[in-house]
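Chemist: Numbered by this note's numbering, the letters in the sequence shown go through residues 7 to 229 in order. Just so it is clear, CB atoms sit at the ideal spot from N, CA and C, and this is done for glycine as well. This is the structure I have questions about; it appears just below.
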Amino acid sequence: MFDYVDSSGSLNSVKAVSNSFQFRLTGLLAAPNQASLRSLRNTTYNGCDAAQKASILEAAQKADQYVNQARTYFQVNGAPTIESQLLLSVSNFQRNQFTKWFGAFDKDRFNLVASHFEKIALQGPKSSYDCKTCHKPDVFAYVFASDPSQTIYLCPRYWKSPLAGVNSRAGTLVHENSHFKVNGGTEDYEYGVNNCTALAQESPEAAVMNADNHEYFLIDETC
Numbered sequence: 007m008f009d010y011v012d013s014s015g016s017l018n019s020v021k022a023v024s025n026s027f028q029f030r031l032t033g034l035l036a037a038p039n040q041a042s043l044r045s046l047r048n049t050t051y052n053g054c055d056a057a058q059k060a061s062i063l064e065a066a067q068k069a070d071q072y073v074n075q076a077r078t079y080f081q082v083n084g085a086p087t088i089e090s091q092l093l094l095s096v097s098n099f100q101r102n103q104f105t106k107w108f109g110a111f112d113k114d115r116f117n118l119v120a121s122h123f124e125k126i127a128l129q130g131p132k133s134s135y136d137c138k139t140c141h142k143p144d145v146f147a148y149v150f151a152s153d154p155s156q157t158i159y160l161c162p163r164y165w166k167s168p169l170a171g172v173n174s175r176a177g178t179l180v181h182e183n184s185h186f187k188v189n190g191g192t193e194d195y196e197y198g199v200n201n202c203t204a205l206a207q208e209s210p211e212a213a214v215m216n217a218d219n220h221e222y223f224l225i226d227e228t229c
């Protein structure tokens, strides 16, 4: 019997079932809560009003949740112990999540993507946000990959997007953070769900360096 805290903050108990030395724990662990870190950090904004700042904070907190869930996925898959199998079973990522978005399993590619999310977790809270420069109606956001200020320029389509899910505000922040050289320097080889799943199967080496593949990996719960 194990106690765990679910995503609502409630304490629950679950059973671990043993079968040929394999364990499965049902349920979902709460992702690390970084909301307080985000709210206390002295984030730099350019041309953002109070409502926009609140919206950015909300999206950044959701992005933190996505990234921390991904970190758990890579940590437990990279360390196949009994303890890691217990953690893996409570992850909201299915086992084929990696191959869907990054192609056939390869240790080097696996470790590369894992390193991207570790870097985003570290560097993401340092991002600055610009709300006034971009006026392109069909663009979500953009960055300059080598920008030491790690400024994310938010565009009109970003503000019209939902908080979470496909092409969301939270997903966009992860997408743009992955472009920064300090986080791995991903490219935009392909956009869109269908193009990115095809890229993973046809060119895994490109998929592990494509920003949209990182974004969709985080938010896909259909695998």
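At what residue ranges does the stretch 121-171 contain a whole run of the alpha helix (DSSP H), taking only runs of 4 or more?
Modeler: Entirely contained in the stretch 121-171, the alpha helix (DSSP H) runs reaching 4 residues are, in chain order, 162-165.
Chemist: DSSP three-state label for Tyr51, please.
Modeler: Strand.
Chemist: Reducing DSSP to helix, strand and coil, say where Glu193 ends up.
Modeler: Looking at Glu193 - three-state DSSP - the assignment turns out to be strand.
Chemist: Out of Ala60, Asn48, Asp114 and Ala65, state which residue places its alpha-carbon closest to the alpha-carbon of Gly177.
Modeler: Ranking Ala60, Asn48, Asp114 and Ala65 by Cα distance to Gly177 puts Ala65 first.
Chemist: Alpha carbon to alpha carbon, what distance is there between Ser61 and Leu160?
Modeler: Answer to the nearest angstrom: the Cα atoms are 12 Å apart.
Chemist: Look at the alpha carbon of Ala204 and the alpha carbon of His181, and state the distance between them as a whole number of angstroms.
Modeler: Taking the straight line from one Cα to the other gives about 18 Å.
Chemist: What does the Cβ neighbour count give for Gly198, buried or exposed, with the cut at 16 atoms within 10 Å?
Modeler: Gly198 comes out exposed.
Chemist: Hey, Ile158 and Leu179 are a contact pair by Cβ (cut 8 Å); roughly how many whole angstroms apart?
Modeler: With 8 Å as the limit, Ile158 and Leu179 qualify as a contact, their Cβ atoms being about 7 Å apart.
Chemist: Using 8 Å as the threshold, is the stretch 147-154 in touch with the stretch 111-124, meaning 3 or more CB pairs across them?
Modeler: Flag = no, the stretch 147-154 and the stretch 111-124 do not touch.
Chemist: Quick one: any contact between the stretch 162-169 and the stretch 76-83, if contact means 3 or more CB pairs under 8 Å?
Modeler: Touching, no, given that fewer than three Cβ pairs across the two stretches are closer than 8 Å.
Chemist: So, with DSSP's three-state summary, where would you put Asn245?
Modeler: There is simply no residue 245 to check, as the chain begins at 7 and stops at 229 in what is shown.
Chemist: On the three-state DSSP scale, how would you describe Asn183?
Modeler: Correct three-state label for Asn183: helix.
Chemist: In terms of alpha-carbon separation, which member of Leu169, Glu124, Glu221 and Met215 lies closest to Arg115?
Modeler: Comparing Cα-Cα distances from Arg115 to each of Leu169, Glu124, Glu221 and Met215, the minimum goes to Met215.
Chemist: Excluding the 5 residues preceding and the 5 following Pro143 in the sequence, name in chain order all residues of the same chain whose CB lies nearer than 6 Å to its CB.
Modeler: These residues qualify, in order along the chain: Pro162.
Chemist: Tell me, which residues are paired with Asn216 by DSSP?
Modeler: BP columns for Asn216 point to Glu193.
Chemist: Cutting at 7 Å between CB atoms, please list the residues of its own chain near Phe123, excluding the five before and the five after it.
Modeler: The residues are Val73, Ala76, Arg77 and Phe80.
Chemist: Going straight from the alpha carbon of Val188 to that of Lys125, what length do you get?
Modeler: Cα-Cα distance, rounded: 7 Å.
Chemist: Run the CB neighbour count on Pro210, radius 10 Å, all protein chains shown included, and call it buried at 16 or more, exposed below.
Modeler: The residue is buried, with at least 16 neighbouring Cβ atoms inside 10 Å.
Chemist: Alpha carbon to alpha carbon, how far is Ala57 from Thr192? Give it in angstroms, no decimals.
Modeler: Distance between the alpha carbons of Thr192 and Ala57: 30 Å.
Chemist: Comparing C-alpha positions only, which one of Tyr135, Asp226 and Ala212 sits nearest to Ala110?
Modeler: Comparing Cα-Cα distances from Ala110 to each of Tyr135, Asp226 and Ala212, the minimum goes to Ala212.
Chemist: On the DSSP letters alone, give me the boundaries of the alpha helix (DSSP H) that Phe108 sits inside.
Modeler: Per DSSP, Phe108 belongs to the alpha helix (DSSP H) from Gln103 to Phe108.
Chemist: To the nearest angstrom, how far is it from the Cα of Val145 to the Cα of Lys68?
Modeler: The straight-line gap from Cα to Cα measures roughly 21 Å.
Chemist: What did DSSP end up calling Gly198 once you bin it into helix, strand or coil?
Modeler: In this structure, Gly198 counts as coil in the three-state DSSP scheme.
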